[in-house]
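Participant: After the structure tokens below, expect a handful of questions from me.
Residue numbers (my numbering): 5 to 61.
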């Protein structure tokens, strides 16, 4: 999937973003990084020191 007016291809598909409940304003070329970060945050009860690797990727 490619966004009109952008030279960067989307890595996460629309179906993946819907499945992982990515908010519409965050569905951009970086959504593939947000999905594992949000999964880690939910698994670790949003403890800020638990998901540092995902946050800095």
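Backbone N, C-alpha and C fix where the C-beta goes; we use that ideal spot for every residue, glycine too.
Looking at the unbroken alpha helix (DSSP H) that takes in residue 42, where does it start and where does it end?
Facilitator: Residue range 35 to 47 is occupied by the alpha helix (DSSP H) that includes residue 42.
Participant: Are the segment 8 to 20 and the segment 30 to 42 touching, with three or more C-beta to C-beta distances below 8 Å?
Facilitator: yes
Participant: Helix, strand or coil: how does DSSP classify residue 27 here?
Facilitator: coil
Participant: Use the C-beta contact count for residue 57: other C-beta atoms within 10 angstroms, 16 or more gives buried, fewer gives exposed.
Facilitator: exposed
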